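Undergrad: Chains as they are written, first to last, in UniProt numbering: chain A, 1 to 556; chain B, 1 to 556. All C-beta atoms, glycine included, are put in the ideal place defined by N, C-alpha and C. Please read these numbers as outputs of a predicted model, since none were measured by experiment. My structure is below; once you've seen it, I'll send some questions.
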């Protein structure tokens with residue numbers, strides 16, 4: 001997988017081509033008097049839910065069914081329909097009860113201006129994917145012009161939410177990790193699919209949602225074989241996302257893969273699944289895995305006039321009837337000088353219909369006006385500048401726009417859910433107290449180890465420093481706590497912070513290593529302590545191995 | 001060191017407090033007819049340099065000395081002075097030769113608007129440091145309220161440069177890595193200074209610059225002892241920056257530490273040094289290491305009304321005359337309800353002069369108007385709400401604003417210089433060709449290893465896949481090249497990309513490992529190949545160790 005880092009500030013042309021400038025909007029209403037802004041769909045949803053919950057005894061069955069219907073269709077309502085519903089139900093601004101404006105689209109991108117002139121609008125990227133698409137030609141070249149391949153980007157994305165809420169779940173700036181896997185649309189098999197085909201986990205296909213069933217365990221291989229999941233590559237990434245999430249510590253019983261309904265999916269998407277994790281806010285969309293077909297590359301290709309395509313070389317040449325566009329570079333060079341390369345690229349990028357129309361005009365009138373989008377203007381093409389024909393020729397390759405399969409990870413949401421799934425409490429020694437426990441696996445715990453001198457004395461503190469230096473040299477994150485706080489309290493504190501291990505220096509020559517979840521302890525020599533800790537923190541040994549290899553003491 | 005990640009989109013209040021909204025500007029002139037923008041100081045500098053170079057035979061000694069003087073003072077010229085010089089010299093717009101506007105300040109921050117109301121201006125952060133300062137109170141708490149400690153942030157910074165130039169050296173979006181090390185202003189010693197005190201490297205102190213000398217090798221310990229470098233902690237970070245840069249591969253003969261002249265430094269800074277690296281564009285400022293004193297924390301404290309201070313507990317209480325401000329929380333709570341906490345904090349943050357003035361007014365008039373900046377409005381404080389006095393009391397602690405020492409790394413600039421310092425050419429086999437060589441050390445090379453089947457056959461390709469899987473499992477970045485290109489060309493290609501090692505699969509049971517710089521080769525069994533590679537790539541073994549341990553073949 002190729003890694004790439006693109007700028008956050010993005011020129012308008014890129015986000016115009018991707019559709020974000022025109023369509024990345026939420027419908028907003030304003031409090032007529034205070035000017036406070038609200039998301040129109042949220043107000044309507046809250047109204048319907050409230051009514052169904054609080055007034056269920058007073059409303060008729062028909063009214064209830066109408067409200068449920070509105071909730072089901074919420075995402076499909078047009079601006080006008082939303083406005084009519086808000087009027088019909090007499091919904092007013094929360095708190096003030098003032099009347100509301102009509103809904104209108106509010107673009108969620110942060111706008112800015114690039115350069116000193118004030119003439120170049122730009123936006124903070126709303127996702128990291130577009131940077132990969134506009135760099136497709138270079139990435140394809142770096143990959144030796146071979147498909148399939150993927151490029152990935154981890155970085156900040158920016159959405160000027162109307163109402164940020166739910167802690168880290170809906171924020172205006174967040175970390176996205178996106179993979180764009182480019183694949184031949186005629187062959188979406190995946191060579192490593194067999195590695196994940198036997199996985200079984202909770203899936204919630206479209207049909208199950210529409211028929212009121214719940215998510216159920218399905219074998220990934222079967223889901224692909226039956227066509228529930230559109231293709232092998234999409235299935236492969238769904239499997240890898242499942243493995244990733246469960247490996248970092250997400251509870252597999254509170255993780256499901258939900259397929260988008262037809263009305264949720266963009267018209268061009270072939271199939272789309274969300275990894276949803278259950279937490280206190282409900283089922284939270286944390287990873288989207290979509291087959292976006294050739295849409296993105298085609299959109300940028302059309303607006304930029306730069307072909308974003310791949311080639312398949314044939315073993316044997318094939319004879320086909322083909323559109324042949326041959327710009328006459330010499331004549332174009334004389335006519336357009338420095339601009340001629342852009343004219344050539346635009347001529348070559350013409351689709352069949354446009355090219356044949358140009359051919360006809362050139363034959364009848366001898367010249368034609370031609371819009372070159374990379375120049376932003378019309379140029380006059382004369383008959384001598386280009387030859388266009390349809391010929392039966394031997395072709396040695398197929399040229400096509402790759403499909404893209406996109407797993408997109410909301411890192412903050414995953415971290416939030418992981419924290420909830422990892423948190424529990426257990427009784428303290430006093431009996432009536434409950435102590436917090438954050439069971440981060442050593443793999444994900446930001447801090448792998450605490451180092452505690454048992455009591456404040458020079459000898460133990462020296463030992464702690466020696467161990468800390470060894471841990472630093474082998475890059476194990478840790479912290480020394482030299483405070484005189486009782487060892488029990490220091491353990492409780494580090495359990496609550498999710499630190500999986502503690503090394504307590506309680507002699508000249510040896511130390512105690514304590515594991516957080518079992519509270520079990522082993523005795524290891526001072527010299528070996530850092531290397532044992534690194535083995536168990538990096539997964540080369542399990543805690544059971546350590547337990548079996550050293551003198552130990554159970555907490556039970 | 002605590003790591004922190006703050007948002008890029010920053011509310012105006014933060015950057016108003018830091019001074020960026022008012023002062024983070026460059027002086028700009030516009031072409032009167034086309035509107036094209038230029039940096040005023042760049043035009044004046046180019047004019048002077050041009051004149052000195054091209055017309056040195058025709059201008060008088062006085063004129064030459066005047067031009068040199070302008071160049072020396074360039075950074076100190078006011079907006080008006082710059083404008084007068086441009087007029088005096090008759091400087092016109094490059095290319096068009098049109099007249100220029102008067103210079104005016106252009107703020108280099110990208111501006112945007114936060115939220116849907118349009119009422120909350122924000123800016124893309126021009127540096128990562130401010131996020132650390134505004135979070136000082138929490139960071140200090142996380143560090144157990146102990147000084148010294150440091151917080152670090154790696155992330156994007158944004159500057160809307162008037163004219164980006166010189167490849168990656170002056171761009172509008174770039175990666176900064178900043179450390180803010182907070183220290184007691186009365187004790188800037190550093191416990192680990194002795195680890196770096198004996199380093200000797202090129203320094204260019206202020207006096208040497210002013211007296212026309214060049215940079216020379218100075219021992220770090222002596223530079224601190226003589227006061228050339230202001231204090232031990234600043235010296236410690238200078239030493240660590242030197243070790244870092246040379247370890248990643250910067251040539252120590254093209255690296256110098258240049259002290260800021262008095263006119264380059266902010267008025268509050270105690271001392272400031274730049275790590276400058278020589279490359280084809282000249283000496284490039286890549287890391288700044290500054291003692292910014294207490295300026296930043298005080299600025300945010302004053303504007304926010306939140307005390308950003310540290311405490312030193314005394315072993316024995318001391319008797320001093322002290323300002324005592326005691327807000328009466330009960331009465332304030334009744335008067336200001338939900339706001340009362342902010343009022344309390346603002347009262348407690350008053351300086352002596354303000355507090356004594358309030359005391360006088362309360363005594364004479366019984367109440368006083370008081371501006372609470374965190375509320376953005378005046379409140380009326382009555383006599384019963386606060387008691388203010390100066391008392392001789394025993395104090396148990398000293399409260400002070402920490403000084404901050406800031407090493408700030410321009411990652412793109414460092415990477416650019418590293419690429420230049422690592423690049424060389426050497427003759428190919430043909431004799432008349434020169435092959436590129438990028439000598440990235442295994443530590444920094446993004447790709448550690450290439451895996452080559454010697455020729456295209458199934459057996460070697462299988463072996464290559466086995467090795468690739470082993471390398472993946474131990475997280476060694478690598479790439480297989482299965483093309484039929486000759487092995488010599490594949491080596492040349494990977495040398496040019498800076499890949500330090502290649503594994504060539506040329507038998508069923510063993511492989512050749514080749515080192516890039518020496519071109520030397522060793523034979524290793526197929527089974528051992530990945531682990532040998534990982535040892536040498538991660539620095540556990542040197543290439544000399546590998547060479548001595550296996551059958552080998554020199555390229556000579």
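1. Report yes if the C-beta distance between residue 523 of chain A and residue 551 of chain A is below 8 Å; otherwise report no.
2. Mapping DSSP to helix, strand and coil, what is residue 45 of chain B?
3. For the alpha helix (DSSP H) that contains residue 69 of chain B, what are its first and last residues?
4. Restricting to Cα atoms, I'd like to know which of B/288, B/469, B/81 is closest to residue 264 of chain B.
5. Any C-beta of chain B within less than 8 Å: which residues of the segment 72–106 of chain A qualify?
6. Mapping the DSSP letters down to three states, classify residue 538 of chain B as helix, strand or coil.
7. Could you tell me whether the Cβ atoms of residue 178 of chain A and residue 156 of chain A are closer together than 8 Å?
8. Roughly how many angstroms lie between the CA atoms of residue 458 of chain A and residue 192 of chain B, to the nearest whole one?
9. Residues in its own chain within less than 6 Å of residue 378 of chain A by CB, not counting five upstream and five downstream?
10. Give the list of continuous alpha helix (DSSP H) stretches no shorter than 4 residues that lie fully inside the segment 8–59 of chain A.
11. Starting from the beta carbon of residue 172 of chain B, find every residue of chain A whose beta carbon is closer than 9 Å, and list them in chain order.
12. For residue 162 of chain A, decide whether its Cβ has a neighbour in chain B, counting only Cβ atoms nearer than 8 Å.
13. What's the gap between the Cα of residue 276 of chain B and the Cα of residue 21 of chain A?
14. List the residues that DSSP assigns as beta-bridge partners of residue 510 of chain A.
15. DSSP three-state call for residue 5 of chain A: helix, strand or coil?
16. Return helix, strand or coil for residue 155 of chain A, following the three-state DSSP convention.
17. So, for residue 304 of chain B: in the same chain, excluding its five sequence neighbours on each side, which residues have a beta-carbon less than 6 Å away from its beta-carbon?
18. For residue 5 of chain B, which option in B/135, B/103, B/441, B/358 has the closest C-alpha, if you only look at C-alpha atoms?
19. What span of residues does the alpha helix (DSSP H) with residue 281 of chain A cover, start to end?
20. Are the C-beta atoms of residue 1 of chain B and some chain A residue less than 8 Å apart?
21. Distance check for residue 122 of chain A and residue 30 of chain A, CA to CA, integer angstroms please.
22. So, is residue 314 of chain B buried or exposed, given that buried needs 16 or more other C-beta atoms within 10 angstroms?
23. Could you pull out every residue in the same chain whose Cβ sits closer than 8 Å to the Cβ of residue 1 of chain A, ignoring the five residues on either side in sequence?
24. At which residues does the alpha helix (DSSP H) containing residue 463 of chain A begin and terminate?
25. With distances taken between CB atoms, is the gap from residue 200 of chain B to residue 219 of chain B smaller than 8 Å?
26. Please confirm if the segment 323–334 of chain A is in contact with the segment 349–360 of chain A, defined as three or more CB-CB distances below 8 Å between the two stretches.
27. Could you give the C-beta distance for residue 380 of chain B and residue 297 of chain B, rounded to a whole number, given that I count them as a contact under 8 Å?
28. Note down, in chain order, every chain B residue with its Cβ under 9 Å from the Cβ of residue 28 of chain A.
29. For residue 271 of chain B, list the residues DSSP reports as bridge partners.
30. Any idea what DSSP makes of residue 378 of chain B, helix, strand or coil?
31. Any beta-carbon of chain B closer than 8 Å to the one on residue 37 of chain A?
32. At what residue ranges does the segment 167–231 of chain A contain a whole run of the alpha helix (DSSP H), taking only runs of 4 or more?
33. Would you decide whether residue 426 of chain B is buried or exposed? Buried here means 16 or more other CB atoms lie within 10 Å of its CB.
34. Any idea if residue 307 of chain A is buried or exposed, counting beta-carbon neighbours within 10 angstroms, 16 or more meaning buried?
35. Since residue 410 of chain A is in the alpha helix (DSSP H), which residue starts that stretch and which ends it?
36. Within this structure, are the beta carbons of residue 476 of chain B and residue 529 of chain B separated by less than 8 Å?
TA: Walking through what the data contain:
1. In the first chain, the residue the question calls residue 523 of chain A occupies position 523. In the first chain, the residue the question calls residue 551 of chain A occupies position 551. The answer is yes: Cβ separation under 8 Å.
2. Position 45 of the second chain holds residue 45 of chain B. Helix, per DSSP.
3. Translated into the one-based positions of the second chain, residue 69 of chain B becomes position 69. Per DSSP, residue 69 of chain B belongs to the alpha helix (DSSP H) from 61–73.
4. As a first step, residue 264 of chain B is located in the second chain; it is residue number 264 there, counting from the start. For the options B/288, B/469, B/81, the alpha carbon positioned closest to that of residue 264 of chain B is the one of B/288.
5. Listed by position along the chain: 106.
6. Walking along the second chain from the start, residue 538 of chain B turns up at place 538. The three-state secondary structure of residue 538 of chain B, taken from DSSP, is coil.
7. Start at 1 with the first residue of the first chain, and residue 178 of chain A comes out as number 178. Start at 1 with the first residue of the first chain, and residue 156 of chain A comes out as number 156. For residue 178 of chain A and residue 156 of chain A, no; Cβs fall outside 8 Å.
8. Translated into the one-based positions of the first chain, residue 458 of chain A becomes position 458. Translated into the one-based positions of the second chain, residue 192 of chain B becomes position 192. When rounded, the distance between both Cα atoms is 19 Å.
9. As a working note, residue 378 of chain A is residue 378 in the first chain. 369, 371, listed in sequence order.
10. The qualifying runs are 12–17, 20–23, 40–54.
11. What you label residue 172 of chain B is simply residue 172 of the second chain in a count that begins at 1. 7, 9, 114, 115, listed in chain order.
12. The residue given as residue 162 of chain A occupies position 162 in the first chain. Judged by the 8 Å Cβ criterion, residue 162 of chain A is in contact with chain B.
13. Counted from its first residue, the second chain places residue 276 of chain B at position 276. Counted from its first residue, the first chain places residue 21 of chain A at position 21. So the two alpha carbons sit approximately 42 Å from each other.
14. By one-based count along the first chain, residue 510 of chain A stands at place 510. As a beta-bridge residue in DSSP terms, residue 510 of chain A pairs with A/525.
15. Taking the first residue of the first chain as 1, we reach residue 5 of chain A at position 5. Coil.
16. The sequence position of residue 155 of chain A within the first chain is 155, counting from 1. If DSSP states are grouped into helix, strand and coil, residue 155 of chain A belongs with the strands.
17. Stepping through the second chain from its first residue, residue 304 of chain B is reached at position 304. Same-chain partners within the cutoff: there are none.
18. On the second chain, residue 5 of chain B is found 5 positions in, with the first residue counted as 1. Considering only alpha carbons, the answer is B/135.
19. Translated into positions along the first chain, residue 281 of chain A becomes position 281. Neither: residue 281 of chain A is in no alpha helix (DSSP H) and is coded neither H nor E.
20. On the second chain, position 1 is the one that residue 1 of chain B refers to. Cβ-Cβ to chain A under 8 Å: no for residue 1 of chain B.
21. For the purposes of this step, residue 30 of chain A is identified with residue 30 of the first chain, where counting begins at 1. For the purposes of this step, residue 122 of chain A is identified with residue 122 of the first chain, where counting begins at 1. Each residue's Cα considered, the two are about 26 Å apart.
22. The residue given as residue 314 of chain B occupies position 314 in the second chain. When all chains shown are included, residue 314 of chain B counts as exposed.
23. By one-based count along the first chain, residue 1 of chain A stands at place 1. Within the same chain, residue 1 of chain A has close Cβ partners 149, 150, 151, 152, 179.
24. Counted from its first residue, the first chain places residue 463 of chain A at position 463. Its alpha helix (DSSP H) spans residues 458–473.
25. Counted from its first residue, the second chain places residue 200 of chain B at position 200. Counted from its first residue, the second chain places residue 219 of chain B at position 219. Contact: yes.
26. yes
27. Along the second chain, read from residue 1 onward, the residue named residue 380 of chain B stands at position 380. Along the second chain, read from residue 1 onward, the residue named residue 297 of chain B stands at position 297. Rounded, the Cβ-Cβ distance is 30 Å, inconsistent with contact.
28. As a position in the first chain, residue 28 of chain A is number 28, starting the count at 1. 116, listed in chain order.
29. Position 271 of the second chain, counted from the start, is the residue given in the question as residue 271 of chain B. Paired residues: B/291.
30. Counting from one through the second chain, the residue named residue 378 of chain B turns up at place 378. In the structure shown, residue 378 of chain B sits in a strand (DSSP, three-state: E or B).
31. Walking along the first chain from the start, residue 37 of chain A turns up at place 37. So yes, residue 37 of chain A belongs to the interface.
32. Counting only runs of at least 4 residues, the segment 167–231 of chain A fully encloses the following alpha helix (DSSP H) elements, listed from N- to C-terminal order: 206–210, 220–225.
33. What you label residue 426 of chain B is simply residue 426 of the second chain in a count that begins at 1. Residue 426 of chain B should be labelled exposed.
34. Counting from 1 along the first chain, the entry for residue 307 of chain A is found at position 307. That one is exposed.
35. On the first chain, position 410 is the one that residue 410 of chain A refers to. Unbroken run through residue 410 of chain A is the beta strand (DSSP E), 403–410; no alpha helix (DSSP H).
36. Numbered from its first residue, the second chain carries residue 476 of chain B at position 476. Numbered from its first residue, the second chain carries residue 529 of chain B at position 529. For residue 476 of chain B and residue 529 of chain B, no; Cβs fall outside 8 Å.
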